Amino acid sequence: MAVKVCLDAGHYGKYNRSPAVSSYYESDMTWKLHNYLKKELESFGIVVVTTRTNQNTDRALYERGAASKGCNLFISVHSNAVGNGVNENVDYPVAYVLLNGSSTDIGLKLAKVVEAVMGTAQSGRTATRQGTNGEYYGVLRGANAVGTPGIILEHSFHTNTRATKWLSIDSNLQKLAKAEAECIASYYGVKKKGENTFTEIMGNAVATMEQMTAYIKAKNPDVAQSVIDMIPLYLSEGKAEGVRGDIAFAQSCLETGNFGFFGSAVTLDQNNFCGMGVTSNGMRGNSFDTPQLGIRAQVQHLKAYASTVDLKNECVDPRFKYVTRGCAEYVEWLGQKENPDGRGWAAGAGYGAKIITILNTMIGIKNETTEPEEVWYRVRKTWTDAATQKGAFHSLENAKRCADENEGYSVFDESGKVIYSNDTFTPYLVRVSIEDLNIRRGPGTDYDKTGKYTGKGAFTIVEEAEGKGASLWGLLKSYQKNRDGWISLDYTERV
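In my numbering, the protein residues as written are 670 to 1164.
Below, the structure is given as structure tokens:
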């Protein structure tokens, strides 16, 4: 089953113009780069889904992250900014990763790739940002809610002239896409179509704990709870040694008859789930004090076959010393009959292929996590002014209470819509310096024009609201009674 990646072009429309290069918009760059990256990933056979159908499609942040459900990775493509003007001293890529650490490894690898390709002045790095309740960034919060490792990948700073000029060249973006795709493919052990399709034992697990659990329950409905409880150990022990824990688990399913132990040379109480030490019929094999030690020994034995790199943990594999290191780097070579040198874990024909069949079935299981989506209510002055946020609440009543305690604050839902205001807005004056500023019947270009203009002068704003076509809309005092006279505040100056 193919690896699946969700790509998010960080912004829509014409957004975030560079102060260093006036022709550069972050939204243009991210749209191009995510399309190039999609093409490169697909050349590896990686399935790619995107969060936008076109550059002008606008979707809520949380929704975009949640669109990655069932994917192995979520990446939101961006360029960064520091301050309001040009800054030639800051030039580095950064990957914002999940607080739970699930995307830190791949995030750092990608940041280092961007550093190398772009030739940034400072080194690539990772960062996290904690919000009032969990992930600060909406897209990462959405990805995390559906169990997908998520990254916001910032391609240096569009406040830096050199970096911005570099990002303005399409051929450079194509180089980035190629390098990033190769990094992702390598991380998940994927090779290009036409290259050998063997499965490397070393690498990161592709199957999730949920998929592994679903597989064993489907194959053995009576499986012991102790087996379910130790599934996370395959992933943690595998990660410690750089071995794919899902491959180790698939091997255990083969060796133990899906942990039913029917016809198996080992039993559950031995904590030996891979037939280790069973060199002839009737031989009982090795035993271990705990399931963790048994799984650790299995992972170390796989590493002995697949790699020449030293063990990270103390060796608990009693047969490690008997293996010719690195003689079977692929699962398919674990069978002696298929191994080029006649070496391998087992003598039976097609041993590796049987493990691959189990693994592919496991990876093909859809993640059916049914946790309810978290709903957050945010208390801010305006939706776009995130710095004013007083808090984020699951309870609407608590959010309203917070707004009531803070003059000029409202409650917003995930999409940025005002769902409660404490009605303590303080009117203020704005100056209009153009003759033909339209007055609309509601806060947004999707509301009808009244047919009237403000003309030049000073006007009192009695209410603010988010809406299409402007960063903020203001209600004119003379239209307060029916609330049907709104102007774009982008064309005004506060007095």
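The beta carbon of each residue, even a glycine, is placed where N, CA and C say it ideally should be. Predicted model, so just to flag it, every value in this text is computed and none were measured.
message: At the level of alpha carbons, what is the spacing between P1009 and L1003?
response: If you take the alpha carbons of P1009 and L1003, they lie about 10 Å apart.
message: So, does the region 719-728 touch the region 784-804, judging by three or more C-beta pairs under 8 Å?
response: Counting Cβ pairs under 8 Å, fewer than three are found: no touch.
message: Please give me, in chain order, every unbroken run of the alpha helix (DSSP H) with length at least 4 that falls completely inside the region 780-855.
response: Residue ranges of uninterrupted alpha helix (DSSP H) with 4 or more members, entirely inside the region 780-855 and ordered along the chain, are 807-814 and 830-836.
task: Apply the 10 Å Cβ neighbour rule to T993 and answer buried if 16 or more other Cβ atoms are within range, or exposed otherwise.
output: It counts as exposed.
query: Where G1013 and C996 are concerned, what is the direct C-alpha to C-alpha distance, given to the nearest angstrom?
result: Approximately 7 Å, taken between the alpha carbons.
query: At what residues does the beta strand (DSSP E) containing E910 begin and finish?
result: Where E910 is concerned, there is no enclosing beta strand (DSSP E), although the alpha helix (DSSP H) it sits in stretches over Q894 to E910.
Where T1038 falls: helix, strand or coil (DSSP): Only weak support is given to the placement of T1038: the predicted model assigns it a pLDDT of 44, under 50, and the question is left unresolved by the model.
message: Contact criterion: CB-CB distance below 9 Å. Does D1117 meet it with respect to chain B?
response: Here chain B cannot be found, since the structure has a single protein chain.
- request: Kindly give me the distance between the Cβ atoms of T959 and N940, rounded to whole angstroms, as I take these residues to be in contact under 8 Å.
  value: With 8 Å as the limit, T959 and N940 qualify as a contact, their Cβ atoms being about 6 Å apart.
query: Under a Cβ-count criterion, where at least 16 other Cβ atoms within 10 Å of its own Cβ denotes burial, should D697 be classed as buried or exposed?
result: Result: buried.
message: My parser needs the beta strand (DSSP E) runs of 3 or more residues fully inside the region 721-791; what are they?
response: Within the region 721-791, the complete beta strand (DSSP E) runs of at least 3 residues are 742-749 and 763-766.
query: For S1147, which residues from the same chain have a beta carbon less than 6 Å from its beta carbon, with the 5 sequence-adjacent residues on both sides left out?
result: Result list for S1147: empty, nothing under 6 Å.
task: Could you tell me the boundaries of the alpha helix (DSSP H) in which N1067 lies?
output: From DSSP, the alpha helix (DSSP H) with N1067 extends over L1065 to D1073.
message: Quick check: the region 741-751 against the region 811-827, are at least 3 beta-carbon pairs closer than 8 Å?
response: Result yes; three or more Cβ-Cβ pairs closer than 8 Å.
- prompt: Could you give the C-beta distance for Y705 and L836, rounded to a whole number, given that I count them as a contact under 8 Å?
  reply: Rounded, the Cβ-Cβ distance is 12 Å, inconsistent with contact.
Straight-line Cα distance separating L768 from P1041: Residue confidence is low: P1041 scores 40 on pLDDT, short of 50, so the model does not pin down where it sits. No coordinate-derived value is stated.
field: Spatially closest choice to C703 from Y1078, T722, N685 and Y693, by CA coordinates
entry: Reading off the sequence, residue 703 comes out as His, not Cys. Out of Y1078, T722, N685 and Y693, T722 has the C-alpha closest to the C-alpha of H703.
message: Between which residues of its own chain and G872 is the CB-CB distance below 6 Å, once the five residues before and five after are set aside?
response: If we look at G872 and ignore the five residues flanking it on each side, its Cβ neighbours are G858 and R913.
- request: Out of R1049, G1085 and D1105, point me to the one whose CA is closest to N1075's CA.
  value: Nearest neighbour of N1075 by Cα position, chosen from R1049, G1085 and D1105, turns out to be R1049.
field: Span of the beta strand (DSSP E) around N1171
entry: No statement about residue 1171 is possible, as the shown extent of the chain runs from 670 to 1164 and does not include it.
field: Strand pairing of W1052, partner residues [DSSP]
entry: In DSSP, W1052 forms no bridge with anything.
message: Between which two residues does the beta strand (DSSP E) holding V672 run?
response: Note, V672: premise wrong, no beta strand (DSSP E); not H, not E.
Neighbourhood of N1067 by C-beta distance below 6 Å, restricted to the same chain and skipping five residues each side: For N1067, where only same-chain residues beyond five positions count, there are no Cβ hits under 6 Å.
- request: Might you give, ordered along the chain, the residues of its own chain that have their beta carbon closer than 6 Å to the beta carbon of I1088, omitting 5 neighbours on each side?
  value: Taken in chain order, the residues that qualify are V1080 and D1082.
- request: Indicate the three-state DSSP secondary structure (helix, strand or coil) for I1001 in the structure shown.
  value: Going by the sequence as given, residue 1001 is Glu instead of Ile. In the displayed model, E1001 falls within a helix according to three-state DSSP.
query: For the beta strand (DSSP E) that T882 lies in, which residues bound it at each end?
result: In the DSSP annotation of this structure, T882 is not part of any beta strand (DSSP E); the continuous alpha helix (DSSP H) holding it starts and ends at M878 to K888.
task: Mind checking which residues open and close the beta strand (DSSP E) that includes E1162?
output: It spans T1161 to R1163 - the beta strand (DSSP E) in which E1162 sits, taken as one unbroken run.
- prompt: Given that a residue counts as buried once 16 or more other Cβ atoms are within 10 Å of its Cβ, and exposed if not, what is N813?
  reply: Per the 10 Å Cβ criterion, buried.
Other residues of its chain near F957: CB distance less than 8 Å, five sequence neighbours each side excluded: Closer than 8 Å at the Cβ level, and outside the excluded window around F957, lie Q939, N940, N941, G963, A966 and V985.
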